[in-house]
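Trainee:
Numbering (my numbering), first residue to last: -11 to 288.
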């Protein structure tokens, strides 16, 4: 075509002809020179090295960095998805599901880092299509499926690790949630927090909340991957955090594995396709992935 070249048989890639008006980023723009605006220290890997030493990564919490350059493509595919599929958590979340089925009032609270606080869903950066972050998507889907009065309170705060949540236990208890969604790991990984310490913080959080809310259910959300070409990313730790969270699975505690499907997406797409800040925030695609996994636990 004039603006976009459709993939040839067997290919999964769209390409842009020379002079195409379609917004896009060149590879070099993902690895700007040190000290460049809208950039963060530091890039690693073969692609960055092509452009010289001490490269930074394109990064910004504003729409011009990635959102203005990303396209939404609607298509139908013939292949069946053979990757990870989340399973219904009926055995783990009996209290929550009983209230949903009976259409009794249900209150959900979310505690987590900047991703759970809304970064970087398009509504957060006030750009089309103004899609809400994952917690609001889950709320909307639950209301459509079950009806009833369902409330949501978001207690997440950017830049935090799991241990910060321990200081928020009194606030969580004051909110009296029936279901608490706990989503940490990205900043824990960048801080190189060991899986054992990560697990200890979750254990103390569950113990503290249960002391005040003995009937509350929990969904522990594993982290997505940070940009593998970012020096502060922790690809070795994310799967270990997931395994640690799986150890808590049981009555009253379900695990939302976002790590595995996000990793499968990275095998098919670049990180620039999945992010809105370049290093550790999902775009709308990523927020929908969070919502899909969490909702699947609650949708029989």
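Beta carbons: idealized from backbone N, C-alpha and C, even for Gly.
Here the structure is a predicted model, which means the values were calculated and not measured.
Checking the sheet assignment: what are the DSSP bridge partners for residue 73?
Mentor: Along the chain shown, read from residue 1 onward, the residue named residue 73 stands at position 85. DSSP lists no partner for residue 73.
Trainee: What are the start and end residues of the beta strand (DSSP E) that includes residue 169?
Mentor: Within the chain shown, the letter at position 181 stands for residue 169. 167 to 171 is the extent of the beta strand (DSSP E) around residue 169.
Trainee: Mind pulling the beta strand (DSSP E) runs of 3 or more residues that sit fully within the segment 187 to 255?
Mentor: 205 to 209, 241 to 244
Trainee: Quick check: the Cα distance between residue 226 and residue -10, rounded to an integer number of angstroms?
Mentor: Translated into the one-based positions of the chain shown, residue 226 becomes position 238. Translated into the one-based positions of the chain shown, residue -10 becomes position 2. Looking at the two C-alpha atoms, the distance is approximately 42 Å.
Trainee: For residue 296 and residue 21, I'd like the C-alpha separation in whole angstroms.
Mentor: Summary: the structure shown does not reach residue 296, with the chain confined to residues -11 through 288, and so no result is reported for it.
Trainee: I'd like the span of the beta strand (DSSP E) that includes residue 139, first residue to last.
Mentor: Position 151 of the chain shown, counted from the first residue, corresponds to residue 139. From DSSP, the beta strand (DSSP E) with residue 139 extends over 138 to 142.
Trainee: Near residue 33, what residues of its chain come up, given a Cβ to Cβ distance below 7 Å and the 5 sequence neighbours on each side ignored?
Mentor: Along the chain shown, read from residue 1 onward, the residue named residue 33 stands at position 45. Excluding sequence neighbours, residue 33 sits near 217.
Trainee: Thinking C-alpha only, which one of 41, 161, 38 is nearest residue 97?
Mentor: Sequence index remark: in the chain shown, residue 97 carries index 109 (1-based). It is 161.
Trainee: Please go through the same chain and pick out, in chain order, the residues whose beta-carbon is closer than 6 Å to the beta-carbon of residue 108, but skip the five residues on each side of it.
Mentor: Indexing the chain shown from 1 puts residue 108 at position 120. Excluding positions up to five away in sequence, the list reads 264, 265, 269.
Trainee: When DSSP builds the beta bridges, which residues end up paired with residue 94?
Mentor: Sequence index remark: in the chain shown, residue 94 carries index 106 (1-based). Answer is 138.
Trainee: In the DSSP assignment, find the unbroken alpha helix (DSSP H) run with residue 85 in it and report its ends.
Mentor: Here the question's residue 85 lines up with position 97 in the chain shown. Run containing residue 85: 82 to 89, per the alpha helix (DSSP H) assignment.
Trainee: By the DSSP assignment, the alpha helix (DSSP H) with residue 150 in it spans what residues?
Mentor: In the chain shown, the residue the question calls residue 150 occupies position 162. Run containing residue 150: 150 to 153, per the alpha helix (DSSP H) assignment.
Trainee: Cβ of residue 12 within 8 Å of Cβ of residue 4?
Mentor: Counting from 1 along the chain shown, the entry for residue 12 is found at position 24. Counting from 1 along the chain shown, the entry for residue 4 is found at position 16. The answer is yes: Cβ separation under 8 Å.
Trainee: Where do the ends of the alpha helix (DSSP H) carrying residue 118 lie?
Mentor: Here residue 118 refers to the residue found at position 130 when the chain shown is read from its first residue. From DSSP, residue 118 is part of no alpha helix (DSSP H); its letter is neither H nor E.
Trainee: Tell me, which residues are paired with residue 125 by DSSP?
Mentor: The residue you call residue 125 lines up with position 137 of the chain shown. Residue 125 pairs with nothing; no bridge assigned.
Trainee: Where residue 31 and residue 38 are concerned, what is the direct C-alpha to C-alpha distance, given to the nearest angstrom?
Mentor: For this step, residue 31 is matched to residue 43 along the chain shown. For this step, residue 38 is matched to residue 50 along the chain shown. When rounded, the distance between both Cα atoms is 11 Å.
Trainee: Excluding sequence positions up to five away, which residues of its chain have a Cβ less than 6 Å from the Cβ of residue 74?
Mentor: By 1-based counting over the chain shown, the position of residue 74 is 86. Once the five neighbours on either side are set aside, the close Cβ partners of residue 74 are 281, 284.
Trainee: What is the rounded straight-line gap between the Cα of residue 207 and the Cα of residue 64?
Mentor: On the chain shown, residue 207 is found 219 positions in, with the first residue counted as 1. On the chain shown, residue 64 is found 76 positions in, with the first residue counted as 1. Distance between the alpha carbons of residue 207 and residue 64: 32 Å.
Trainee: Where DSSP assigns a beta bridge to residue 43, which residues make up the other side?
Mentor: Against the chain shown, residue 43 aligns to sequence position 55. DSSP lists 21 as partners of residue 43.
Trainee: From the DSSP output, in three-state form, read off residue 9 for me.
Mentor: Translated into positions along the chain shown, residue 9 becomes position 21. Residue state, collapsed to three classes: coil.
Trainee: Could you check if residue 222 is buried or exposed, using at least 16 other CB atoms within 10 Å of its CB as the buried criterion?
Mentor: Taking the first residue of the chain shown as position 1, residue 222 is located at position 234. Counting Cβ neighbours within 10 Å, residue 222 comes out buried, since at least 16 surround it.
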